[in-house]
Amino acid sequence: MLRGAIKGSAARLKPLFVYGTLKRGCRAHRLLRGSPLLDRGVVRGYTLLVRGGVPVAVSSLGECRVRGEVYLVSAPVLATLDRYEGVPKPYRRIRVSVELEGGPSIEAFMYAGEGRVRRCVSDVFYC
């Protein structure tokens, strides 16, 4: 069913993994403008740092992970989010593999910061 939802909307909607202020219940969630929630999931190889009260996913060594939500977003919503996140700095939009809670892994966009850390700091951000 998940694969069908993604394939059926492939021309219009793209999966986006969110882990911070864009999550449901957080202050910037409104920017997703009704984008449907696909599932919750985990991205491995990243950890969360909190800078100025805002989380940023950075590449990590070891068995780190980040928990979040996957939404299906349109090109206009993605453009709005790129502006909000300040792409290409301080965030960049990358492709990652997301292990979905309810099924297989999928490829999705994610906003990530620059740099790499040696240890796991945090895997979840609470609004």
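Under this note's numbering, the first residue of the sequence shown is numbered 84, with each subsequent residue one higher.
Every residue, glycine too, gets a C-beta built ideally from N, C-alpha and C.
Nothing here was measured: the structure is a model prediction, and the numbers come from that model.
What span of residues does the alpha helix (DSSP H) with residue i cover, start to end?
{"i": "residue 137", "result": "No alpha helix (DSSP H) holds residue 137; the beta strand (DSSP E) holding it covers 137 to 143."}
{"i": "residue 178", "result": "Per DSSP, residue 178 belongs to no alpha helix (DSSP H); it is in the beta strand (DSSP E), 174 to 183."}
{"i": "residue 159", "result": "158 to 168"}
Spatial neighbours of residue i within its chain, please: C-beta separation below 6 angstroms, excluding the five flanking residues on both sides.
{"i": "residue 123", "result": "152, 184"}
{"i": "residue 125", "result": "148, 150, 182"}
Specify, as a first and last residue, the run of the beta strand (DSSP E) that residue i falls within.
{"i": "residue 124", "result": "120 to 127"}
{"i": "residue 194", "result": "188 to 196"}
{"i": "residue 171", "result": "Where residue 171 is concerned, there is no enclosing beta strand (DSSP E), given that its DSSP letter is neither H nor E."}
{"i": "residue 100", "result": "96 to 101"}
Beta-carbon of residue i versus every beta-carbon of chain B: anything under 8 angstroms?
{"i": "residue 123", "result": "The chain labelled as chain B is not found in the depicted structure, where only one protein chain is given."}
Going by beta carbon distance, what residues of the same chain come within less than 7 angstroms of residue i, once the five residues before and after it are set aside?
{"i": "residue 141", "result": "129, 130, 132, 195, 196, 198, 199, 200"}
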